[in-house]
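K.L.:
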Amino acid sequence: MGFVSNLILGQNFDYQIDFKKLVEQSKDSLSENYYEKLSAEFVKNGENFSKDKVIALMAGQTASKFYDAYGMIDMERSYQVADRFPADTIHKYADQFINVYPINFSLNYGLWKTYEKEKDKENAEKFKKRFELIAESILSTGNGTREKPYFVISPIDGQVLIRLYHKKEIGTMGSGDDVNGNFTDILELMDGENSRTLYFVIDHAMGLLRQQLKEVDEKEVEDEYETDENGKVILKKKKGN
Numbered sequence: 000m001g002f003v004s005n006l007i008l009g010q011n012f013d014y015q016i017d018f019k020k021l022v023e024q025s026k027d028s029l030s031e032n033y034y035e036k037l038s039a040e041f042v043k044n045g046e047n048f049s050k051d052k053v054i055a056l057m058a059g060q061t062a063s064k065f066y067d068a069y070g071m072i073d074m075e076r077s078y079q080v081a082d083r084f085p086a087d088t089i090h091k092y093a094d095q096f097i098n099v100y101p102i103n104f105s106l107n108y109g110l111w112k113t114y115e116k117e118k119d120k121e122n123a124e125k126f127k128k129r130f131e132l133i134a135e136s137i138l139s140t141g142n143g144t145r146e147k148p149y150f151v152i153s154p155i156d157g158q159v160l161i162r163l164y165h166k167k168e169i170g171t172m173g174s175g176d177d178v179n180g181n182f183t184d185i186l187e188l189m190d191g192e193n194s195r196t197l198y199f200v201i202d203h204a205m206g207l208l209r210q211q212l213k214e215v216d217e218k219e220v221e222d223e224y225e226t227d228e229n230g231k232v233i234l235k236k237k238k239g240n
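Numbering (numbering that gives the first Met the number 0), first residue to last: 0 to 240.
(1) Which partner residues of Tyr149 appear in the DSSP bridge assignment?
(2) Please confirm whether Met57 and Phe150 have their CB atoms less than 9 Å apart.
(3) Starting from Leu113, trace the alpha helix (DSSP H) in both directions and tell me its first and last residue.
(4) Verify whether the separation of the beta carbon atoms of Tyr33 and Gly59 is less than 9 Å.
(5) Given a cut-off of 9 Å, decide if Thr113 and Asp82 are closer than it, judged by their beta-carbon atoms.
(6) Going by C-alpha to C-alpha distance, which of Ala68, Lys128, Ser63 sits closest to Val99?
(7) So what's Thr144 in DSSP terms, helix, strand or just coil?
(8) Report the rounded CA-to-CA distance for Asp202 versus Phe104, giving the unit in angstroms.
(9) Once DSSP output is grouped into helix, strand and coil, what is the label at Ser194?
(10) Apart from the five residues just before and just after Ala123, which ones in its own chain have a Cβ nearer than 7 Å to its Cβ?
(11) Could you pull the start and end residues of the beta strand (DSSP E) that Glu244 belongs to?
(12) Where do the ends of the alpha helix (DSSP H) carrying Glu40 lie?
(13) For the beta strand (DSSP E) holding Phe182, just list the boundary residues, first then last.
(14) In its own chain, which residues sit with a C-beta less than 7 Å from the C-beta of Ile97, not counting the 5 before and 5 after it?
(15) Do the segment 46-55 and the segment 127-136 touch if we need at least three Cβ pairs shorter than 8 Å?
(16) If we count the other Cβ atoms within 10 Å of its Cβ and call it buried at 16 or more, is Phe12 buried or exposed?
(17) On the DSSP letters alone, give me the boundaries of the alpha helix (DSSP H) that Asn122 sits inside.
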């Protein structure tokens, strides 16, 4: 039985197996989970997506050329407090952002609150549904334990889930590994006697960051330094650079 059928029947998403499969499918133009197709569909009517389609799009987003997990954090934080900014400021960047990262958790929250402030009930309801659907899809990927952490795209999606969806405070914050050695964000959801620690797998985001750091290191290795006649250190490029 295929991944989509399993997900529909029991929400049995397994990051170790299904994430890689979905990423590969996202690159296949003949697949139902082809990223370009799903992305365009979500822009048009994402509020009507099933959870399995949302998860497929989330996985595909991590392989998109526009995915920059750590580089977008500041922008995402701005959308989390969209109600503090003029609506035209939010819309100025949202139109472009939504076409390259439609599944972004913070973006959909920000647009919901912006349209709500503008008293545009139709669009406010549309983006509220998208925000809640993304949250419910994340919750369907695991149970938040070290054995089965939630799958998220952004390193701060766990914070959004706790503060803006569950409407709870965050206690201790940290990072570590799940039982399979995948890098996770670890957050404490504060809820009195029901407080608990939640794990969010973001190994794919760290993989991108590691690659970016590797490229910087390689560039530095390619550079040569020498001293001029005055003893000043200068940069000398290798041939071909």
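Ideal placement from N, C-alpha and C gives every residue a C-beta, glycine not left out. Computed from a prediction, not measured in an experiment: that's the story for all the values here.
P.N.:
Inspection of the coordinates gives the following:
(1) Counting from 1 along the sequence shown, the entry for residue 149 is found at position 150. Paired residue(s): Phe199.
(2) By one-based count along the sequence shown, residue 57 stands at place 58. By one-based count along the sequence shown, residue 150 stands at place 151. Contact flag set, yes.
(3) As a working mapping, residue 113 is identified with position 114 in the sequence shown. Reading the sequence as shown, one finds Thr at residue 113 and not Leu. Looking at the DSSP string, the run of the alpha helix (DSSP H) that includes Thr113 is 104-116.
(4) For the purposes of this step, residue 33 is taken as residue 34 along the sequence shown, with counting starting at 1. For the purposes of this step, residue 59 is taken as residue 60 along the sequence shown, with counting starting at 1. Yes, they are a contact pair.
(5) As a working mapping, residue 82 is identified with position 83 in the sequence shown. As a working mapping, residue 113 is identified with position 114 in the sequence shown. Yes, these two residues count as a Cβ contact at 9 Å.
(6) The count along the sequence shown starts at 1 and reaches residue 99 at position 100. Residue Ser63 is the option with its Cα nearest to Val99.
(7) Translated into positions along the sequence shown, residue 144 becomes position 145. Of the three classes helix, strand and coil, the one that applies to Thr144 here is coil, per DSSP.
(8) Here residue 202 is taken as the residue at index 203 of the sequence shown, counted from 1. Here residue 104 is taken as the residue at index 105 of the sequence shown, counted from 1. When rounded, the distance between both Cα atoms is 18 Å.
(9) Numbered from 1 along the sequence shown, position 195 holds the residue referred to as residue 194. Three-state DSSP puts Ser194 in coil, outside helix and strand.
(10) In the sequence shown, counting from the first residue as 1, residue 123 sits at position 124. Trp111, Tyr114, Glu115, listed in sequence order.
(11) In this structure the chain extends from 0 to 240, so residue 244 is not present and cannot be described.
(12) Walking along the sequence shown from the start, residue 40 turns up at place 41. Where Glu40 is concerned, the enclosing alpha helix (DSSP H) stretches over 34-44.
(13) As a first step, residue 182 is located in the sequence shown; it is residue number 183 there, counting from the start. Looking at the DSSP string, the run of the beta strand (DSSP E) that includes Phe182 is 182-189.
(14) What you label residue 97 is simply residue 98 of the sequence shown in a count that begins at 1. These residues qualify, in order along the chain: Val42, Leu106.
(15) yes
(16) As a position in the sequence shown, residue 12 is number 13, starting the count at 1. It is buried - the Cβ of Phe12 has at least 16 other Cβ atoms within 10 Å.
(17) Numbered from its first residue, the sequence shown carries residue 122 at position 123. That run of the alpha helix (DSSP H) goes 120-138.
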